[in-house]
Every structure is written in structure tokens, then in C-alpha cells.
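Worksheet for the structure shown next.
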Amino acid sequence: MTELAYIGGYTSDTGGSGAGITLVDLDGLVRLGETEASGPSFLAAHPHLPILYAVGEGEQGTVSVFGRADDDALTLLARRPSEGSFPCQLAVDPSGTLLAVANYGDGTVSVHGIDGSGLLTDLWTFPHREGSHAHQAVFGPDGVLYVTDLGTDEVRRHLVDGEVTAHPGGPVRLASGMGPRHMARSGDRWYVAGELDGTVRVYDEAWRELRAVPAGAGGGENAPSHLEVSGGYVYVGNRGPDTISVFSAALDPIAEVGCGGVWPRHFAVAGDRMYVANQRSDGVAVLAVQDGIPRFDGEVFAVGTPSCVLPHA
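Per our numbering, the sequence shown runs over residues 52 to 364.
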């Protein structure tokens with residue numbers, strides 16, 4: 052089966068050089084099409100329907116809904132406000148009935164209902180205090196929506212059960228100055244990348260910190276970006292060193308390799324390859340993964356200011 056991917060990034064009106072959303076055949080790194088969109092810096096697919104969602108990362112943030120045709124070309128179906136400024140990430144719950152949006156600019160989290168056709172319906176909004184910067188939304192297996200807040204060093208929590216409400220236990224407080232950015236759950240553990248202090252931390256189900264380690268081994272300035280758990284390994288993108296770090300589940304360092312470009316904003320592991328969106332070198336690098344270790348062999352797909360890679364079969 053052909054492996055495809057949608058690549059989102061920054062466009063000329065949002066400080067970048069991308070065309071919008073690019074469709075690429077990953078098997079041959081062939082550009083199949085482009086869809087015009089303003090600042091689609093993060094993308095998410097509906098789990099059951101041929102629908103793609105994209106943020107519009109601007110002062111007046113938006114969320115767009117695209118339909119996917121049989122040839123995977125996109126058609127804009129609807130667009131609505133994200134209810135905040137500079138939305139930077141969005142996520143669909145496993146049932147395909149809710150879409151959560153993290154608005155980095157003012158910290159507002161918005162949750163949108165999704166109907167049977169993939170369009171957006173109900174709306175819940177959760178503003179936060181001054182200095183808040185919501186960065187990533189993750190639907191947990193426990194009926195809770197988790198949102199990292201880089202500005203307040205918290206993981207905000209919301210109950211998801213028909214209605215979306217504030218969690219009675221309030222937010223989870225993380226290490227001061229950490230700047231939590233992206234996180235991932237594996238088994239009964241949470242892994243979180245600290246953008247501001249250059250760390251990776253692991254927590255148990257009760258959010259007790261088990262270990263904190265440097266995200267990169269170089270010792271220089273590092274602003275970790277994306278974090279992903281795959282095949283029992285924890286991968287972290289390091290902006291500054293321009294590397295990908297590999298850790299064990301216990302956060303023992305295993306390897307640190309070049310990302311194939313500059314400023315690895317996001318990456319995705321698909322099969323035996325990793326695709327790294329290197330924002331400042333205008334390309335998505337292909338890294339072969341063997342025994343859990345990525346390796347860059349020089350293969351790059353040229354695309355303007357990429358910030359998100361979304362593979363799909």
C-alpha cells in the first residue's frame with residue numbers, strides 16, 4: 052500500500068514560505084498536490100472519516116475542516132474561529148466526536164464537537180490566566196483531556212463525558228521553569244518534553260515525577276520540540292543541536308543523531324522510517340530506523356517552512 056503524508060507549515064502571511072498543505076508520496080518522495088491554507092502549522096486526521104483538520108496559526112486563529120477525496124486531494128468544507136490566538140496544535144479523540152485545540156497565543160483551549168460527517172458542532176472554551184501558553188492537547192484513556200501549558204508549567208485537565216468540564220483536581224503542577232511542550236503516554240507513564248529547560252521527564256499515572264534527564268547530550272542551548280513514543284523507544288526533537296535523541300522507556304539515553312536539517316519542529320515515525328519537519332532548512336528529512344535508531348542518509352523532501360508531518364496509508 053502506498054504510504055502518503057500531509058505536510059503542514061507556515062505560509063507567507065504567517066512568516067513562512069510554504070504553499071499550505073502538501074500531499075506527498077513517501078515511497079518516492081513525490082509531490083502529489085498542494086492545498087492553499089493560511090498557516091496550517093498542525094494537522095490531525097479523523098480516525099474513521101476521510102476528513103483532515105488544520106489550525107490556522109494567526110492572531111485570529113482558525114480551525115479548518117477538509118474533505119479527502121479518493122485520490123487524497125483536499126477540499127475545504129468549513130472554517131471557524133479557534134476561539135483564541137495562534138493555535139499551534141489540535142487533536143481528535145479516538146471516537147471521532149471531539150476536536151481539541153491548543154491556542155498558544157492567549158492560552159485558550161477550545162473543544163469542538165464533531166458530527167457524523169466530520170463537521171464541527173458544539174463548542175466549549177477554557178481561557179486561562181495571563182501568561183498561559185497552551186501547547187498540546189492529548190485525549191487520555193481515562194476520559195480526561197490533558198493540555199500542556201508552557202507558560203504556567205502545568206498540565207491542564209478537563210473531564211470528557213458528553214460535556215467537557217474542568218477537572219475537579221485542577222491542573223498538574225510540573226517543575227518550575229520547565230516549559231512543557233509536547234507529551235506522550237505509553238502504558239501507565241507520561242513523557243513530557245520541557246522546551247524551556249531542555250529536559251525530558253517521565254511521570255507515573257498519578258503524575259509523580261520518576262526521572263528527569265537532559266533532552267540532548269551536547270550541553271548547549273536546546274529547545275526540545277516534539278516527543279513521540281514508538282516501539283518502546285522515546286524520541287525527542289532537539290532544536291538548537293538539530294538532533295533527534297533516543298531514550299529507553301526508563302529515559303536511559305541510547306543515541307543522539309543528526310536530524311537532517313535545521314530546527315526539527317516535528318517528526319513522525321512510520322514503519323521503518325522517521326520523517327522530520329526541519330522548519331528552518333525548508334525540508335522534511337527521511338531517516339531510516341534500524342533497531343530503534345534513526346539514521347539520516349541524505350534524503351530530503353523540499354517544502355517551505357514545514358512544521359508538521361502526518362503520514363497515512
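From the three backbone atoms N, C-alpha and C, an ideal C-beta is built for every residue, glycine too.
Which of helix, strand or coil DSSP assigns to residue i
i, result
"residue 180", "coil"
"residue 227", "coil"
"residue 203", "coil"
"residue 115", "strand"
"residue 240", "strand"
"residue 323", "coil"
"residue 331", "helix"
"residue 348", "strand"
"residue 218", "coil"
Run of the beta strand (DSSP E) containing residue i, from where it starts to where it stops
i, result
"residue 163", "160 to 165"
"residue 100", "Taken as a continuous stretch (DSSP letters only), residue 100 belongs to no beta strand (DSSP E), as it is neither H nor E."
"residue 130", "125 to 132"
"residue 150", "149 to 154"
"residue 63", "Careful: residue 63 lies outside any beta strand (DSSP E) and carries neither H nor E."
"residue 279", "274 to 281"
"residue 368", "Residue 368 lies beyond the residue range present for the chain, which begins at 52 and ends at 364; the question has no answer from this structure."
"residue 191", "Looking at the DSSP string, residue 191 is not in any beta strand (DSSP E), and its letter there is neither H nor E."
Residues near residue i by beta carbon distance below 6 Å, same chain, minus five either side
i, result
"residue 254", "241, 260"
"residue 126", "118"
"residue 163", "150, 171, 174"
Buried versus exposed call for residue i [16 or more other C-beta atoms within 10 Å across all chains shown]
i, result
"residue 108", "buried"
"residue 111", "exposed"
"residue 151", "buried"
"residue 216", "exposed"
"residue 5", "Residue 5 is absent from the structure shown; the chain starts at 52 and stops at 364."
"residue 354", "buried"
7 Å Cβ shell around residue i - same chain, five flanking residues per side excluded
i, result
"residue 59", "72, 91, 92, 93, 94, 105, 358, 359"
"residue 292", "267, 269, 271, 273"
"residue 250", "229, 263, 264, 265, 266"
Residues of its chain near residue i, where Cβ-Cβ distance is below 8 Å and the 5 sequence neighbours each way are ignored
i, result
"residue 362", "54, 55, 56, 77, 319, 321, 326"
"residue 323", "339, 340, 341"
Okay, do the stretch 274 to 282 and the stretch 208 to 225 touch, 3+ Cβ pairs below 8 Å being the bar? By the criterion of at least three beta-carbon pairs nearer than 8 Å, the stretch 274 to 282 is not in contact with the stretch 208 to 225.
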